[in-house]
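Colleague:
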Amino acid sequence: MLVTTTHSIEGRRIVAYKGLVGGDAILGANMFRDFFAGIRDILGGRSGSYEKVLRKAKQEAIDDMIEQAREFGANAVVGVDLDYETIQIQEGGSMLMVSASGTAVVLE
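Numbering (this note's numbering), first residue to last: 964 to 1071.
#1: So, with DSSP's three-state summary, where would you put E1054?
#2: Can you tell me the Cα-Cα spacing of A1032 and L1017, whole angstroms?
#3: Would you call the stretch 964 to 981 in contact with the stretch 1050 to 1060, where contact means no fewer than 3 C-beta pairs closer than 8 Å?
#4: Only counting the same chain, and skipping five residues up and downstream in sequence, which positions put a Cβ closer than 6 Å to that of T921?
#5: Quick one: is L1059 buried, meaning 16 or more other Cβ sit within 10 Å of its Cβ, or exposed?
#6: Going by the DSSP bridge assignment, what does Y980 pair with across the sheet?
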């Protein structure tokens, strides 16, 4: 399955538009990650644990979107957009939400 952020694919013609497809992933960030990310924020540098969770959530959202496109009979998804949000929960923790959406198409 070809997945792209562009609205067309050079050298390929879109012969059918199957519809809007999307996928979402919501992953929890635990207390220890929050603690160490806070330390990393003070000292500077990258937070490897959060980056790993972010990559996992992104891939899960894209995989869900691709599965929906396959169910629509598409062989590509164009115009893909990724959105990232954090959701605060009452106990003071946070969840990471990644949404992927695009247009399922059939390429010749």
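Quick reminder that beta carbons are idealized off the backbone N, C-alpha and C, glycines included.
Modeller: The answer reads as follows:
#1: Coil at E1054, not helix or strand.
#2: Distance between the alpha carbons of A1032 and L1017 is about 23 Å.
#3: They do not touch, by the three-pair rule.
#4: The requested residue 921 does not occur in the structure, where the chain is confined to residues 964 to 1071.
#5: Answer is buried; the Cβ neighbour count reaches 16.
#6: Answer is V1068.
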